[in-house]
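S.K.:
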Amino acid sequence: MEEHWAPEEGAGQGLAHRLHQEGLAGPLRWLENCLRRTAGDREEDGERAGGWGGGRGGGRADGALGPGVSHPVPLVPLSEENEDAMEDRRFRALLRQLGLRPPASEQESFWRIPAALTPQQLRRAAASIAHRGPDPPGSPQGPLEPPRCPQDPDPGEGP
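With the sequence shown counted from 1, adding 33 to any position gets you our numbering.
1) Are Ala-49 and Leu-61 closer than 7 Å when you measure CB to CB?
2) Out of Trp-63, Arg-51, Leu-52 and His-164, which one is the CA nearest neighbour of Ser-112?
3) Please report the distance separating the alpha-carbon of Pro-136 from that of Arg-165.
4) Apart from the five residues just before and just after Asn-115, which ones in its own chain have a Cβ nearer than 6 Å to its Cβ?
5) Candidates Ala-158, Arg-81 and Arg-69: which alpha carbon is nearest Gly-132's?
6) Check for me: the alpha helix (DSSP H) holding Glu-116 runs from which residue to which?
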């Protein structure tokens, strides 16, 4: 059952700042990127739904949901650093503050970006955890390209 909970404006900002100072800049960038990509995907799906034909025919024969219907998106940590962050109780507290949900049962392994969060809410959440200000001493410089989310196609693939 999906919860319809919307994060408040600026939710997680203070905690994200502390986590960044404590060396979790990489996982925070990964999370911010996943939120922004999901927002973009949902906007694209919504645009496609607008020209979908006025509802004639109803659902699809394969039982899948039609365009414009969002799905929960799993947060799959592909690096050891992101995996470690997902086990950190403060990082999980940040995920909750942003409106993300933990695995619902033994069948789910990953936290999810709920289907109910709109692109605008996802962008606000991403902005609230975006790092502002100088990096702490000794922290690695950010990558030239943002870390990829598991649902992203490999470079060279896709449309």
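Every residue gets a Cβ at the ideal spot worked out from N, C-alpha and C, and that includes glycine. For clarity, every value in this text was computed on a predicted model and none was experimentally measured.
M.R.: On the basis of the data shown:
1) Residue 49 sits at position 16 when you count from the first residue of the sequence shown. Residue 61 sits at position 28 when you count from the first residue of the sequence shown. Yes, these two residues count as a Cβ contact at 7 Å.
2) Reading the sequence shown from its first residue, position 79 is the one you call residue 112. Measuring from the Cα of Ser-112, the nearest candidate turns out to be Trp-63.
3) Translated into positions along the sequence shown, residue 136 becomes position 103. Translated into positions along the sequence shown, residue 165 becomes position 132. So the alpha carbons of these two residues sit roughly 30 Å apart.
4) Working through the sequence shown from its first residue, we reach residue 115 at position 82. Counting only Cβ-Cβ distances below 6 Å, and skipping sequence neighbours, we find Pro-60 and Trp-63.
5) Stepping through the sequence shown from its first residue, residue 132 is reached at position 99. For Gly-132, the nearest C-alpha among the options comes from Ala-158.
6) Translated into the one-based positions of the sequence shown, residue 116 becomes position 83. From DSSP, the alpha helix (DSSP H) with Glu-116 extends over 113-120.
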